[in-house]
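Just so we're aligned: the first sequence equals residues 1 to 366 in UniProt numbering.
We put the beta carbon where it would ideally sit given N, CA and C, even for glycine.
Note that this is a predicted model, so its numbers are computed, not measured.
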Amino acid sequence: MIEWNAATIKDFQHTLLDWYDQEGRDLPWRHDHEPYHVWVSEIMLQQTQVQTVIPYYERFMDWFPTVADLANAPEARLLKAWEGLGYYSRVRNMQRCAQQLLADYDGQWPQTAAGLEALVGIGPYTAGAIASIAFNQPVPAVDGNAYRVFSRLLKIDDDIAKPQTRQVFEQAITRIMPHDRPGDFNQAIMDLGSSYMTARQPDTAHSPVKRFNQAYLDGQELAYPVKTKKPRPKPVAYVAVLAQMGDQWLMVQRPSTGMLGNLWTVPLIKVDELDLEEDASTADLLAAVTAYFKREYRLILTAKMLKLRPVTHTFTHQKWTIQLIGGQVQPADLAYFAGKGVLLAELDQLPMPKVQEKIFNRANVH
DNA sequence: GAGCCGTGGGG
DNA sequence: TCCCCAAGGCT
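What follows is the structure, encoded as structure tokens:
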């Protein structure tokens, strides 16, 4: 068994940081330690891979170079910058945080993890990352990489799906991390976790820290980390109504709470909410959709079933199957309609989720 | 504490 | 097709 005494810890720190100095990745947000840059990158990287984030980060810095630019941006522009990244509340919380910084903090970032965690959208991981990288505070940044790396090194078998496990890792990492280069240490762990110490196919034989990896030395690497699995996505049936009013498409904005908050789609109706009988026919479905339009929007819809394969889209815990309906509405007063008519050429100005892109593609709307 | 909240990639 | 994973936070 590896004994993590003071000498081992020093050895590990130097081995890891020497490797990081040689092999650490050159990423756009590592060009300086500006808290704004660190913050934006960390929020984007939540549950999202580096290669996905890079182009989004570059464009975001182009559009919103400072905290003030972000605080004052129109929300549609903000969501457009985030379109396709997912977890859209992240960017709305970022704007709230930016406004909070300007209003209540005189534009000055708190420099401690506890102070940062008080801000909207910044949890324990992101607070640790910003505090260590931007402000040189010796605090851990416990993300999926840190869980994986240290569970293997130290053979910690607490379930990382449980919130209470975080403190076990925070204590262990706090004891091991150096006080002179905490930000580099935390980032080195992330680079390690995404290269040699991946979840599925680790290459520990070539890892710079393999001699510190107790799970590897015991041939039990793939048993770590211990994590209970999540339930499968629940199937949900929808109809999407591709309705034209003259040369405009009817688009609705989703509510600010819940899935895909404030993004735009064609009217999406949960089939459950149409109160259909079990043996309902296609005609029954179309009649129910027409009634829905009249009731909810005060619009007269002429609907027809589109002979297209349903669109399927899987979210973290819902799997949508979406039957497509085409139709036209009579030119009308849209006062009761929770959306607007949009010309085809203007559609790309609305922030839309991926599922909407799939719907338009299936219906050949371009 | 458990459920909610997106998307892309790999096996 | 399905499952799991990827720099989590909020309620």
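Assuming residue i and residue j make a contact with CB atoms under 8 Å, what is their CB distance in whole Å?
i, j, result
"Gln95", "Ala73", "7 Å"
"Ser207", "Tyr196", "4 Å"
"Ile133", "Gln187", "7 Å"
"Phe150", "Phe169", "6 Å"
"Leu250", "Pro267", "7 Å"
"residue 426", "Tyr297", "It is not possible to answer for residue 426, since the shown part of the chain is limited to 1 through 366."
"Val289", "Ile325", "6 Å"
"Gly339", "Val252", "3 Å"
"His313", "Pro231", "Wrong, their Cβ atoms sit about 18 Å apart, outside the cutoff."
"Ala146", "Ile176", "Ala146 to Ile176, Cβ: 11 Å. No contact."
Would you give the residue range spanned by the alpha helix (DSSP H) that residue i belongs to?
i, result
"Met44", "35-44"
"Val142", "Val142 -> no alpha helix (DSSP H), and no H or E assigned at all."
"Lys80", "75-82"
"Gln100", "89-104"
"Gly193", "182-193"
"Gln171", "165-176"
"Asp69", "67-71"
"Ile9", "6-23"
"Arg283", "Correcting the residue identity first, residue 283 is Ala in this sequence and not Arg. Its alpha helix (DSSP H) spans residues 282-292."
"Glu357", "354-362"
"Tyr216", "214-217"
Look at the alpha carbon of residue i and the alpha carbon of residue j, and state the distance between them as a whole number of angstroms.
i, j, result
"Val53", "Thr204", "26 Å"
"Tyr125", "Val142", "5 Å"
"Asp333", "Glu346", "20 Å"
"Pro255", "Asn262", "5 Å"
"Ala118", "Asp247", "48 Å"
"Ile300", "Gly341", "14 Å"
"Ala287", "Met305", "11 Å"
"residue 372", "Ala71", "Outside the shown range of the chain, which is 1 to 366, sits residue 372, and nothing can be said about it."
"Leu85", "Leu79", "10 Å"
"Leu276", "Ile359", "23 Å"
"Tyr87", "Ala7", "43 Å"
"Ala113", "Ile130", "8 Å"
"Phe135", "Pro35", "8 Å"
"Ala237", "Gln51", "33 Å"
"Pro65", "Asp191", "26 Å"
"Gly115", "Val139", "13 Å"
"Val365", "Asp106", "47 Å"
"Glu278", "Lys270", "15 Å"
"Gln164", "Arg152", "19 Å"
"Thr282", "Gly327", "14 Å"
"Val120", "Asp69", "18 Å"
"Phe12", "Phe212", "7 Å"
"Pro351", "Trp82", "8 Å"
"Leu17", "Gly183", "11 Å"
"Gly258", "Thr228", "25 Å"
"Leu27", "Asp218", "34 Å"
"Tyr216", "Leu222", "8 Å"
Can you tell me whether DSSP reads residue i as helix, strand or coil?
i, result
"Tyr297", "helix"
"Ile269", "strand"
"Lys121", "The residue you asked about is not Lys; residue 121 is Gly in the sequence shown. The answer is coil: DSSP assigns Gly121 none of H, G, I, E or B."
"Gly341", "strand"
"Val50", "helix"
"Thr312", "strand"
"Trp264", "strand"
"Ser151", "helix"
"Met61", "helix"
"Arg211", "helix"
"Ala199", "coil"
"Leu334", "coil"
"residue 371", "The requested residue 371 does not occur in the structure, where the chain is confined to residues 1 to 366."
"Ala161", "coil"
"Thr204", "helix"
"Gly128", "helix"
"Leu274", "helix"
"Leu350", "coil"
"Gly107", "coil"
"Ile156", "coil"
Name the two residues that bound the continuous beta strand (DSSP E) containing residue i.
i, result
"Pro225", "Taken as a continuous stretch (DSSP letters only), Pro225 belongs to no beta strand (DSSP E), as it is neither H nor E."
"Val252", "248-253"
According to DSSP, which residues form a beta bridge with residue i?
i, result
"Gly327", "Ala243, Ala303"
"Pro235", "Lys319"
Just to check, is the beta-carbon of residue i closer than 8 Å to a non-hydrogen atom of the ligand HEM?
i, result
"Asp348", "This structure simply doesn't include the ligand HEM, nor any ligand for that matter."
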